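Quick note: the sequence shown, position 264, residue 263 per numbering that gives the first Met the number 0, numbers continuous.
Below is one structure, written out as structure tokens; comments come after it.
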Amino acid sequence: MLESMNAVPVRRLLASVLISCSLIACSDDDDKEERDEGRDLYVFGDSLSDTGNIGEFLTFNDDLPDPFYENRITNGPVIVDYVAQALGEAVEPAEYVEPGEDGTNYAVSGSKANDPDPNLTLSNQIDFFLRNNNDVVDPKDLFIIFIGGNDITGAVGQEGAAATAALDAAVAEVGDAVMDIATRGGREFFVLTVPDIGKTPDLLEADAGTPGRAAKASMLTQYYNDSLRLTMDSVKNQLLTMNLTGVEITVVDTFAIFNDKLARAAELGLTNTTDACYIIADFAFKPPCNEALLPNYAFFDKIHPSGRMHELVGKDVAAQIEAVVNAQ
């Protein structure tokens, strides 16, 4: 989600139908199976969604060491893994710097919705997706966009109107991404809000030296998410004026889900919600945390959720998305 790619060495830029159902029920199941056949789940975002693209960029023989889980920037599956599992889909990394790859996850750790470096932006991911698909989008496909944490983190260091202006530009890029895909045939979008950046160990530590820093990060996270909702409403209206009907854009409130898990940490078995367990720069655990205690931590490192937190949030996100998909 949140850490710039400049902080790490870079090698390259980066069932059959059940028996004994009623005639009507079987017909409904047949219709759904026909809709689902050939459907793909595409993902765009940052490290909260990256399922392995990072491995194509870092100098670790294409694999991050333990306790990283299969090139994810955490110790377990990430949120979109749970969504894919619920939908019976795959989110293999596109590894789109290499020709011939056909994965559907274009998310790259360190990416922003808007950034001067064109290689680490949402628009770059969309461009590669469209190029790989010959500028044609299958209306059966599903699209998840989950990005903005790095933009918010960057905005925390800016003052006044500059901070909100930066986030306005980031949100506009998300809107453009939906438009780019929808105007080429995309019909089903799930846009995830960003978890509260002010709750990360990184901002909590910064707050100790600069009081108010964490509160500012939380405020900017809410600003970004509110703007995201308004922008998605605007995109829907724009598409209607273009006579593009049937486009569904669902905003999933990851912010609220994440904060709910933090608020119920004790009952969920999370004994530490404020500290990092692992220091990525050193590839070492941060005492007193160790591999045995990691499942009890909400955060893997100073900015990324732990595998357990991804699981808790991911299952809720997956349930919401699955309900929307199954209702069609």
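We put the CB at the ideal spot given by N, CA and C, even for glycine.
For clarity, every value in this text was computed on a predicted model and none was experimentally measured.
To which residues does DSSP link L141 through a beta bridge?
One-based indexing of the sequence shown puts residue 141 at position 142. Answer is L40, E187, bridged to L141.
Which class does I278 belong to by DSSP, given the choice of helix, strand or coil?
The residue labelled residue 278 in the question sits at position 279 within the sequence shown. Here I278 sits in strand by DSSP.
Quick check: does the Cβ of E69 come within less than 7 Å of any heavy atom belonging to the ligand MG?
No copy of the ligand MG occurs in the structure displayed, which carries no ligand at all.
Residues in its own chain within less than 7 Å of E33 by CB, not counting five upstream and five downstream?
As a working note, residue 33 is residue 34 in the sequence shown. Low confidence applies to E33: its pLDDT is 48, below 50, so where it sits in the model is not reliable, and the reading given next is rough at best. Closer than 7 Å at the Cβ level, and outside the excluded window around E33, lies no residue.
Under 8 Å, do L238 and A181 count as touching if we go by C-beta distance?
As a working mapping, residue 238 is identified with position 239 in the sequence shown. As a working mapping, residue 181 is identified with position 182 in the sequence shown. Yes.
Look at V190 and M231 and say whether their C-beta atoms are less than 8 Å apart.
As a working mapping, residue 190 is identified with position 191 in the sequence shown. As a working mapping, residue 231 is identified with position 232 in the sequence shown. Going by C-beta atoms, V190 is nearer than 8 Å to M231.
Please state whether DSSP places T230 in a helix, a strand or coil.
For the purposes of this step, residue 230 is taken as residue 231 along the sequence shown, with counting starting at 1. Three-state DSSP puts T230 in a helix.
Does the beta-carbon distance from L121 to I146 come in below 8 Å?
Locating residue 121 in the sequence shown gives position 122, counting from the first residue. Locating residue 146 in the sequence shown gives position 147, counting from the first residue. Contact: yes.
Under 8 Å, Cβ to Cβ, is there at least one residue of chain B near Q327?
Note that chain B does not occur in the displayed structure, where there is just one protein chain.
Measuring only the C-alpha atoms, how far is S233 from A262?
Along the sequence shown, one-based indexing puts residue 233 at 234. Along the sequence shown, one-based indexing puts residue 262 at 263. Distance between the alpha carbons of S233 and A262: 33 Å.
Per-residue DSSP class, three states only, for N242:
Counting from one through the sequence shown, the residue named residue 242 turns up at place 243. In the structure shown, N242 sits in coil (DSSP, three-state: anything other than H, G, I, E or B).
Helix or strand or just coil, what does DSSP make of V312?
Residue numbering aside, residue 312 sits at position 313 when the sequence shown is read from its first letter. Looking at V312 - three-state DSSP - the assignment turns out to be helix.
Give a yes or no on contact between the stretch 240-250 and the stretch 265-279, applying the rule of three or more CB pairs nearer than 8 Å.
Taking a cut-off of 8 Å on C-beta distances, the stretch 240-250 does not touch the stretch 265-279, as fewer than three cross pairs fall below it.
Rounded to whole angstroms, what's the CA-CA distance from D179 to E187? Just pull it up for me.
The sequence position of residue 179 within the sequence shown is 180, counting from 1. The sequence position of residue 187 within the sequence shown is 188, counting from 1. Between D179 and E187, the C-alpha separation is close to 13 Å.
Out of R307, E69, V155, which has the shortest C-alpha to C-alpha gap to P294?
Here residue 294 refers to the residue found at position 295 of the sequence shown. The residue with the shortest Cα to Cα distance from P294 is R307.
Considering only residues of the same chain and omitting the five flanking positions on each side of N183, which have a CB-CB separation below 8 Å?
As a working note, residue 183 is residue 184 in the sequence shown. The identity of residue 183 in the sequence shown is Arg, whereas the question assumes Asn. Apart from sequence neighbours up to five positions away, the residues of its chain that approach R183 with a beta-carbon distance below 8 Å are L129, D134, V135, V136, ordered along the chain.
From E91 to G185, what does the alpha carbon distance come to, in whole angstroms?
Against the sequence shown, residue 91 aligns to sequence position 92. Against the sequence shown, residue 185 aligns to sequence position 186. CA-to-CA, the gap between E91 and G185 works out to about 20 Å.
Contact check, P66 vs N74, beta carbons under 8 Å:
As a first step, residue 66 is located in the sequence shown; it is residue number 67 there, counting from the start. As a first step, residue 74 is located in the sequence shown; it is residue number 75 there, counting from the start. Yes.
So which of N258, S110, N70, A291 has the shortest CA-CA distance to V312?
The residue you call residue 312 lines up with position 313 of the sequence shown. Out of N258, S110, N70, A291, N258 has the C-alpha closest to the C-alpha of V312.
Pick from L40, G44, N52, R71: whose alpha carbon is nearest that of F299?
The residue given as residue 299 occupies position 300 in the sequence shown. The option with the nearest alpha carbon to F299 is R71.
Is V193 helix, strand or coil by DSSP?
To locate residue 193, count along the sequence shown from 1; it is residue 194. Of the three classes helix, strand and coil, the one that applies to V193 here is coil, per DSSP.
Which same chain residues, not among the five before or five after D27, have their C-beta less than 8 Å away from its C-beta?
For the purposes of this step, residue 27 is identified with residue 28 of the sequence shown, where counting begins at 1. A caution first: D27 carries a pLDDT of 44, below 50, which makes its placement in the model too unreliable to give a value.
Can we say the stretch 204-214 touches the stretch 157-170, given the rule of at least three CB pairs closer than 8 Å?
In short, these stretches do not touch, since the Cβ pair count stays below three.
Where does K260 fall in DSSP's three states?
Here residue 260 refers to the residue found at position 261 when the sequence shown is read from its first residue. Three-state result, K260: helix.
Spatial neighbours of D274 in its chain, beta-carbon cut-off 6 Å, leaving aside the 5 residues before and after:
For the purposes of this step, residue 274 is taken as residue 275 along the sequence shown, with counting starting at 1. Closer than 6 Å at the Cβ level, and outside the excluded window around D274, lie P200.
Use the C-beta contact count for L229: other C-beta atoms within 10 angstroms, 16 or more gives buried, fewer gives exposed.
What you label residue 229 is simply residue 230 of the sequence shown in a count that begins at 1. By the neighbour-count rule (16 or more Cβ atoms within 10 Å), L229 is not buried but exposed.
In angstroms with no decimal places, state the Cα-to-Cα distance between D150 and G174.
Numbered from 1 along the sequence shown, position 151 holds the residue referred to as residue 150. Numbered from 1 along the sequence shown, position 175 holds the residue referred to as residue 174. When rounded, the distance between both Cα atoms is 15 Å.
Let's test the definition: count the other Cβ atoms within 10 Å of the Cβ of L119 and tell me whether it reaches 16, buried, or not, exposed.
As a first step, residue 119 must be located in the sequence shown, where it is residue number 120. Taking every protein chain shown into account, the CB of L119 has 16 or more other CB atoms within 10 angstroms, so this residue is buried.
By the three-class DSSP mapping on this structure, what secondary structure does K215 have?
As a position in the sequence shown, residue 215 is number 216, starting the count at 1. Reduced to three states, the DSSP call for K215 is helix.
Note the first and the last residue of the continuous beta strand (DSSP E) segment covering T249.
Taking the sequence shown and counting its residues from 1, the one referred to as residue 249 is at position 250. According to the DSSP assignment, T249 belongs to the beta strand (DSSP E) that extends over 247-251.
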